[in-house]
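Enquirer:
Protein chains: 6
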Amino acid sequence: MSRIDGRTPEQLRPVTIERGWSKHAEGSVLVSFGDTRVLCTASVTEGVPRWRKGSGEGWVTAEYAMLPRATNTRGDRESVKGKIGGRTHEISRLIGRSLRAVIDYKALGENTVVLDCDVLQADGGTRTAAITGAYVALADAVAWAQGRKLVKAGRQPLTGTVSAVSVGIVGGVPLLDLCYEEDVRAETDMNVVCTGDGRFVEVQGTAEATPFAREELDALLDLAVTGCAELTAAQQAALAATRA
Amino acid sequence: MSRIDGRTPEQLRPVTIERGWSKHAEGSVLVSFGDTRVLCTASVTEGVPRWRKGSGEGWVTAEYAMLPRATNTRGDRESVKGKIGGRTHEISRLIGRSLRAVIDYKALGENTVVLDCDVLQADGGTRTAAITGAYVALADAVAWAQGRKLVKAGRQPLTGTVSAVSVGIVGGVPLLDLCYEEDVRAETDMNVVCTGDGRFVEVQGTAEATPFAREELDALLDLAVTGCAELTAAQQAALAATRA
Amino acid sequence: MSRIDGRTPEQLRPVTIERGWSKHAEGSVLVSFGDTRVLCTASVTEGVPRWRKGSGEGWVTAEYAMLPRATNTRGDRESVKGKIGGRTHEISRLIGRSLRAVIDYKALGENTVVLDCDVLQADGGTRTAAITGAYVALADAVAWAQGRKLVKAGRQPLTGTVSAVSVGIVGGVPLLDLCYEEDVRAETDMNVVCTGDGRFVEVQGTAEATPFAREELDALLDLAVTGCAELTAAQQAALAATRA
Amino acid sequence: MSRIDGRTPEQLRPVTIERGWSKHAEGSVLVSFGDTRVLCTASVTEGVPRWRKGSGEGWVTAEYAMLPRATNTRGDRESVKGKIGGRTHEISRLIGRSLRAVIDYKALGENTVVLDCDVLQADGGTRTAAITGAYVALADAVAWAQGRKLVKAGRQPLTGTVSAVSVGIVGGVPLLDLCYEEDVRAETDMNVVCTGDGRFVEVQGTAEATPFAREELDALLDLAVTGCAELTAAQQAALAATRA
Amino acid sequence: MSRIDGRTPEQLRPVTIERGWSKHAEGSVLVSFGDTRVLCTASVTEGVPRWRKGSGEGWVTAEYAMLPRATNTRGDRESVKGKIGGRTHEISRLIGRSLRAVIDYKALGENTVVLDCDVLQADGGTRTAAITGAYVALADAVAWAQGRKLVKAGRQPLTGTVSAVSVGIVGGVPLLDLCYEEDVRAETDMNVVCTGDGRFVEVQGTAEATPFAREELDALLDLAVTGCAELTAAQQAALAATRA
Amino acid sequence: MSRIDGRTPEQLRPVTIERGWSKHAEGSVLVSFGDTRVLCTASVTEGVPRWRKGSGEGWVTAEYAMLPRATNTRGDRESVKGKIGGRTHEISRLIGRSLRAVIDYKALGENTVVLDCDVLQADGGTRTAAITGAYVALADAVAWAQGRKLVKAGRQPLTGTVSAVSVGIVGGVPLLDLCYEEDVRAETDMNVVCTGDGRFVEVQGTAEATPFAREELDALLDLAVTGCAELTAAQQAALAATRA
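Residue numbers (the UniProt record's numbering), protein chains in the order written: chain E, 1 to 244; chain B, 1 to 244; chain F, 1 to 244; chain W, 1 to 244; chain V, 1 to 244; chain A, 1 to 244.
#1: Going by beta carbon distance, what residues of the same chain come within less than 8 Å of A/L204, once the five residues before and after it are set aside?
#2: Quick one: what does DSSP say F/Q121 is sitting in, helix, strand or coil?
#3: Using beta carbons (cut-off 7 Å, strictly below), is V/S43 in contact with chain W?
#4: Thinking just about the alpha-carbon of each residue, which of W/L221, W/V184, W/T112, W/V119 is nearest to the one in W/A42?
#5: Can at least three beta-carbon pairs, one atom from the segment 44-56 of chain A and one from the segment 110-128 of chain A, be found at a separation below 8 Å?
#6: For F/V136, is the classification buried or exposed, using 16 other Cβ atoms within 10 angstroms of its Cβ as the cut-off for buried?
#7: By the criterion of Cβ-Cβ separation under 7 Å, what are the contact partners of E/R199 in chain B?
#8: Where do the ends of the beta strand (DSSP E) carrying B/G168 lie?
#9: Using three-state DSSP, classify B/L178 as helix, strand or coil.
#10: For A/E208, collect the residues of the same chain with a Cβ closer than 7 Å to its Cβ; drop the 5 residues on either side in sequence, then sort them by chain order.
#11: Taking CB distances under 7 Å as the criterion, tell me whether W/H24 reaches chain F.
#12: Taking only beta-carbon atoms, is F/T206 less than 7 Å away from chain W?
#13: How about A/G86: is its C-beta nearer than 7 Å to some C-beta of chain V?
#14: Please report the straight-line C-alpha distance between V/L231 and B/G85, rounded to a whole angstrom.
#15: Does DSSP put B/S28 in a helix, in a strand, or in coil?
#16: Assuming the contact rule is C-beta atoms closer than 8 Å, V/A164 and V/T128 should be a hit. Round their C-beta distance to whole Å, please.
#17: Whose CA, out of E/W51, E/L138, E/P9, E/D222, lies closest to the CA of E/D104?
#18: Rounded to the nearest angstrom, how far is the Cβ of A/L67 from that of A/L120, given a contact under 8 Å?
#19: Is the beta carbon of B/L178 less than 7 Å from the beta carbon of B/S166?
#20: Can you tell me which of W/V15, W/L39, W/A25 puts its alpha carbon nearest to the alpha carbon of W/C228?
#21: Excluding the 5 residues preceding and the 5 following F/V225 in the sequence, name in chain order all residues of the same chain whose CB lies nearer than 8 Å to its CB.
#22: State the beta-bridge partners of W/C40 as determined by DSSP.
#23: If you drop the 5 nearest sequence neighbours on each side, which residues of the same chain put their C-beta closer than 7 Å to that of E/I17?
#24: Flag E/A238 as yes if its beta-carbon sits less than 7 Å from any beta-carbon of chain B, otherwise no.
#25: How many angstroms separate the CA atom of V/T88 from the CA atom of W/V201?
#26: Name the chain F residues whose beta carbon is nearer than 7 Å to that of B/E46?
#27: Against V/R93, what residues of chain A qualify as contacts under a CB-to-CB distance less than 9 Å, listed in chain order?
#28: Measure the alpha-carbon distance for W/G34 versus V/R74 and round it to whole angstroms.
#29: Relative to the C-alpha of A/R100, which candidate in A/E78, A/E90, A/I131 has its C-alpha closest?
#30: Among the candidates W/G6, W/V184, W/G168, whose CA atom is the shortest distance from the CA of W/E216?
#31: Can you find the residues in the same chain that come closer than 7 Å, C-beta to C-beta, to A/R52, ignoring five residues on each side of it along the sequence?
#32: Using 8 Å for Cβ pairs, my map puts F/E63 next to F/K106. What's the rounded Cβ distance?
#33: Can you check which of these residues, F/D183, F/G109, F/I91, F/R97, is closest to F/V48 by C-alpha distance?
#34: Kindly indicate if chain V contains any beta-carbon less than 7 Å away from that of A/A62.
#35: Determine which residues share a DSSP beta bridge with F/Y105 and list them.
#36: The alpha helix (DSSP H) with E/D222 in it runs from where to where?
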């Protein structure tokens, strides 16, 4: 049985990671998972938030947002509504936690990196594309900070790599990397964030229609681990390439 | 090795479920998981939100909040700050999804149930206590609606039961139902929402300090399933008792 | 003529004052005036707001709020609406002023006490129950601060006691301590805050339907003074008891 | 003993009531109590708020505000801060209640009058000047509505007149109509709203420094009743004059 | 062809500039352009915003607002709506920029002047009346600051004078100083801010109905320069007069 | 004398107009003026805002925003701050007015087009690039609506074309299309919006440092008209090309 876009159940959509997309940011990546396109920028500033001053430790945080017409129907701007919705908050927090999982705060020193993940076009999996792209932007920003001696020589703030993918059960079949049409029809939907060595940073599974059994959960986790491994390879390839 | 409060790793804190706590609400429960105390009220109104009108289907939603001095240090009121924080949003959404997992919207008819979960005292596990208590308040509210003929005779809006518990790894040991002190020291923290028949509605695991391996995830899920089964029994006992 | 709940015009509803309700707060009281139940917590922090720094004087402030389903019909959360309503503001300010009337700022030293009065169930007289309960929580918090030597030995920050009661004219008859049903039918409604020695801290009378004459005002003040004296006795009894 | 501005204790400041100040509003008054100047406009619109539709009854409401530099030190604009302060809310509500006390909603029919009271210059007593001026603006607006046949022939929406004055105890002496310098030094401060026939609409007394005794309260009420009678006369004189 | 109010195309409405309108502000002017009346106050405070501290330079800023019933139909208060509209923002920024054009920040020293322009009655040209009046209030405030030695002896913070007028094409005819009725019918609408020596500070032209040609633009600029020269003379006359 | 990037004073930066950038929007353009890159989407919905219903006329509006790291230093998100800044409001209004200048509302019928202009990278001239790009997106959206028969056959909602450019005086020399570095050093700064036939829709000139004379204004307008003509040609070329 083939999927709506012809993929096999365990196949990712075409993934591209374009580094150096912005001339201003210390790290910037335009990442695409199929038609989902997210601009991830990493902004480095010296100093940390007030509650962390004097600790000798750095900080990494993230903000996620969607352009109003990133989706099929135009959404109202959160700036116009005057408040951030629950979904936006939740995803921003998830991205921040995921990236902090591979940061050594001491090695980073009292510097802050803000990761902005702005969805330019959405077709499912925007949060997982954002995490995968933000890692590459973060790596570039950390290298920039090392080059500027903001990070002490010999210290490596990155303790590993991190990527993320969505999985779900659609029509009883576990699928990797759901596009939007699959996502809305999924019985169960899960986002998994893994480190490059195959351990878990976040596992968020939700029964959309019917509760799911342990075996289904296991099958989804298997798929996700495989998908993250492929994404890790794509990240490494992008970082190995000379920046355009 | 015994825990900070003398429990074994697979032991819940004392759980109490006090029905009919409020004279106004259609369903109301004061639930406690140890020192965590949450007042859950279920408010029934005829009609549904605008986007659902004419569908013949009902709606269930939830709002979670904490009193300012529910915690050890007083927190600012979100009403005074003028906006709801990300954590509050996230938990409100989780509670709503969890309860909707056992609702047959058609059977509920065009009625809305709002579940308010207000934490009066916090000592870890407030969201899982809220879900567990809210289910009982919801069951009472549904019975009330049936008594008032808001729900058509012979229809059962509840398709099952739902409860929730936290699990985590502290000092390398998987523990059930973390109290606050354990929670802050946990390497990994997971909230699991199960139906009464042992399937999953939500699985949310987060690596707080170090990424976790598949076997750790499996051990936590095992613990959680056991804990939810015990909570299901407590819910049934409370519902079987004549209301005070 | 007897009242809706069988009381005589000059009779209070049953009053309970339960100290030590919260394990975290420096002072905490669950107060009830009949079916009205308010959780009052007193939080002590060292230091004072910026505008008072270096004055050697302390500060006492209050915040009042209602749980959404404290009332017969569910109200929207002010945190969700993003702003505090006029009624909430007004009552918070009244409670703060009332408690400050019995505080010697110099003796308190540069410490702040925040009184949170959260209405868990409402049946008329929530602001007067809140003031009456908050005084007991404040007394416990001050004793705690003295025990911790935050307050200098030999100094007594409390200059007296304070309690409050509502009075009103219903069907031409002046009544003490209105319940909700009486309150909505009152021609005139008054909230009176007294010190333990029978003087006035606040007198707020409002003609709901028809303007009131001087003799009616006098009759209401007489009733209120009697009611506050009884409440003062209840406060003293609660404070004399060993805390549970 | 004479007062800071040479008045006797029972003397009002010079009061002026200038009708027809604005060319757009259906009623408009620039009222001054000494250096306190408030622009009161009454805006009539056909129809009532949603919750009152179909009742056949009208509505009257008020909004109070201060220009940023109405006071000695410039205050931040509430529109810039993005929220209305507690004091503003409280006074707006007081003005609305006071004017509604002399309105027959049935006679008004389904029309709404909004009273805007904007303080152009403040020197104590802004809320009492606002109520006193707003009554005159309201009377003009009601006459306008009668002229336009919005109000049925033979119906009189005004059931009486209303005015307000502040009183207080300064240095142990009860004083009428406090100016700002007196207000900040007052031990007790009271705002009293009376109808033209000498009954009370609102009595709001506050102990600023020390609780007050019943005799003090009585003395203040006596003063206030006298003051309101004088203000009633000034309102009638203004309304009797041909509008400029 | 004469205009709606009998003026010739190149004629201003009657202009009045009343200094010293407020007893509190360091400079204050009630300016009128026909029925448009704006209260302009200038508030001087020592010190500058944080981003300017230590620069030795001062700051001038402005806030524009309209009373709710300044217009023919009552508008909602921006403080009640909780946010400032785009038009208000835009005009506040325009006024601030216009006045800063004639300020020597170094000579002003680290002092701040806030210009509040509150429209009491609107009949077209409120922003241009505000700028014209605010200049006079600013001049008075600067003189006050010189008298208080906040500004160093021998320094003149004002480098020139500034005034503003609206022009527009109505029915094909270029007109000076549009009243509201002309403004709503204008094909093109332009606000021009000039210095006393006839140079431009701001030129803001907008095609309301049809794009405008270069010759039309030229004709409007000619009119505006003439109008600003007359307004400059009125400002000088007001400043030359002894303040009431 | 050549400019910082080697251009002559009357030379535009390289301009690219990439149509069909987004798969969801009815019209979408990625426009660049040198390093300034703006994503413009046009969203068509049937129906109009409430105040326009039943008029038979359509509506066009615009929203402008910047990604946080579009600029050299990261700016706070307006959605996080909870309000839109004055600059954003002002530019959104300018874009909306500019596009409405070439719309025949009757021909558009009761349809709404929202133009979202999101600055992905900023280097001066973001508002003029936005207007120029938004016109092309609007043209595509109108064609889409014609194809879907939302617009009646034989009706042309576009009455012309519109483009915009910035001009300014830097070091005494009038320059076309300022980049960021030129913009911050400009003595005078002007944004000009022209129709394709060379008439003006908006002229907004501001003296940043010193007031400007009539001859300077004339020189800037000459430059702007030339620049807009070139941009009009680029728009036509883009629209003539087959969409990618």
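Each residue gets a CB set at the ideal place from its N, CA and C atoms; glycine is no exception.
Expert: On the basis of the coordinates in this document:
#1: Start at 1 with the first residue of the sixth sequence, and residue 204 of chain A comes out as number 204. Checking the sequence, you will find Gln at residue 204 of chain A rather than Leu. Within the same chain, A/Q204 has close Cβ partners L94, M190, N191, V192.
#2: Counted from its first residue, the third sequence places residue 121 of chain F at position 121. Note: F/Q121 maps to strand in three-state DSSP.
#3: Translated into positions along the fifth sequence, residue 43 of chain V becomes position 43. For V/S43, the answer is yes, since a Cβ of chain W falls inside 7 Å of its Cβ.
#4: Along the fourth sequence, read from residue 1 onward, the residue named residue 42 of chain W stands at position 42. Among W/L221, W/V184, W/T112, W/V119, the Cα nearest to that of W/A42 belongs to W/T112.
#5: yes
#6: Here residue 136 of chain F refers to the residue found at position 136 of the third sequence. Around the beta carbon of F/V136, 16 or more other beta carbons sit within 10 angstroms, so the residue counts as buried.
#7: Numbered from its first residue, the first sequence carries residue 199 of chain E at position 199. What E/R199 touches in chain B: P211, F212, A213.
#8: By one-based count along the second sequence, residue 168 of chain B stands at place 168. Start and end: 162-170.
#9: Taking the first residue of the second sequence as 1, we reach residue 178 of chain B at position 178. In this structure, B/L178 counts as coil in the three-state DSSP scheme.
#10: Position 208 of the sixth sequence holds residue 208 of chain A. Around A/E208: A186, E187, T188, D189.
#11: Residue mapping note: residue 24 of chain W aligns to position 24 of the fourth sequence, counting from 1. With 7 Å as the cut-off, W/H24 does not count as an interface residue toward chain F.
#12: As a position in the third sequence, residue 206 of chain F is number 206, starting the count at 1. In terms of beta-carbon proximity, F/T206 lines the interface with chain W, with at least one pair separated by less than 7 Å.
#13: Position 86 of the sixth sequence, counted from the start, is the residue given in the question as residue 86 of chain A. Judged by the 7 Å Cβ criterion, A/G86 is in contact with chain V.
#14: Numbered from its first residue, the fifth sequence carries residue 231 of chain V at position 231. Numbered from its first residue, the second sequence carries residue 85 of chain B at position 85. Answer to the nearest angstrom: the Cα atoms are 52 Å apart.
#15: One-based indexing of the second sequence puts residue 28 of chain B at position 28. If DSSP states are grouped into helix, strand and coil, B/S28 belongs with the strands.
#16: On the fifth sequence, residue 164 of chain V is found 164 positions in, with the first residue counted as 1. On the fifth sequence, residue 128 of chain V is found 128 positions in, with the first residue counted as 1. Confirmed, Cβ separation roughly 4 Å.
#17: As a position in the first sequence, residue 104 of chain E is number 104, starting the count at 1. Nearest of E/W51, E/L138, E/P9, E/D222 to E/D104, Cα basis: E/L138.
#18: Taking the first residue of the sixth sequence as position 1, residue 67 of chain A is located at position 67. Taking the first residue of the sixth sequence as position 1, residue 120 of chain A is located at position 120. About 6 Å separates the two Cβ atoms, so the contact holds.
#19: The residue you call residue 178 of chain B lines up with position 178 of the second sequence. The residue you call residue 166 of chain B lines up with position 166 of the second sequence. Contact: yes.
#20: The sequence position of residue 228 of chain W within the fourth sequence is 228, counting from 1. Ranking W/V15, W/L39, W/A25 by CA distance to the CA of W/C228 puts W/V15 first.
#21: In the third sequence, residue 225 of chain F corresponds to position 225, counting from 1. Excluding sequence neighbours, F/V225 sits near V192, C194, G198.
#22: Along the fourth sequence, one-based indexing puts residue 40 of chain W at 40. The partner list for W/C40 (beta bridge, DSSP) reads W/V29, W/C117.
#23: Mapped onto the first sequence, residue 17 of chain E falls at position 17. Cβ contact annotation for E/I17 (same chain, cutoff 7 Å, sequence separation greater than five): V29, V31, G133, V136, A234, Q235, A238, in chain order.
#24: Numbered from 1 along the first sequence, position 238 holds the residue referred to as residue 238 of chain E. It does not; no Cβ of chain B falls within 7 Å.
#25: As a first step, residue 88 of chain V must be located in the fifth sequence, where it is residue number 88. As a first step, residue 201 of chain W must be located in the fourth sequence, where it is residue number 201. Straight-line Cα distance between these residues: approximately 38 Å.
#26: Here residue 46 of chain B refers to the residue found at position 46 when the second sequence is read from its first residue. Ordered by position in chain F, no residue passes the 7 Å Cβ test against B/E46, which lies about 12 Å from the chain.
#27: Counted from its first residue, the fifth sequence places residue 93 of chain V at position 93. Within chain A, the residues near V/R93 are G86, R87, E90.
#28: Position 34 of the fourth sequence, counting from 1, holds the residue named residue 34 of chain W. Position 74 of the fifth sequence, counting from 1, holds the residue named residue 74 of chain V. W/G34 and V/R74: Cα-Cα distance of roughly 29 Å.
#29: Mapped onto the sixth sequence, residue 100 of chain A falls at position 100. Taking only the C-alpha atoms, the option nearest A/R100 is A/I131.
#30: For the purposes of this step, residue 216 of chain W is taken as residue 216 along the fourth sequence, with counting starting at 1. When each option's Cα is compared against that of W/E216, the closest is W/G168.
#31: Along the sixth sequence, one-based indexing puts residue 52 of chain A at 52. W59.
#32: In the third sequence, residue 63 of chain F corresponds to position 63, counting from 1. In the third sequence, residue 106 of chain F corresponds to position 106, counting from 1. Their Cβ separation, rounded to whole angstroms, is 25 Å, which puts F/E63 and F/K106 out of contact at 8 Å.
#33: Residue 48 of chain F sits at position 48 when you count from the first residue of the third sequence. Minimum Cα distance to F/V48 is reached at F/G109.
#34: By 1-based counting over the sixth sequence, the position of residue 62 of chain A is 62. No, A/A62 lies away from the interface with chain V (no Cβ there is under 7 Å from its Cβ).
#35: As a position in the third sequence, residue 105 of chain F is number 105, starting the count at 1. None; F/Y105 has no bridge partner.
#36: Within the first sequence, residue 222 of chain E is the residue found at index 222, counting from 1. That run of the alpha helix (DSSP H) goes 214-240.
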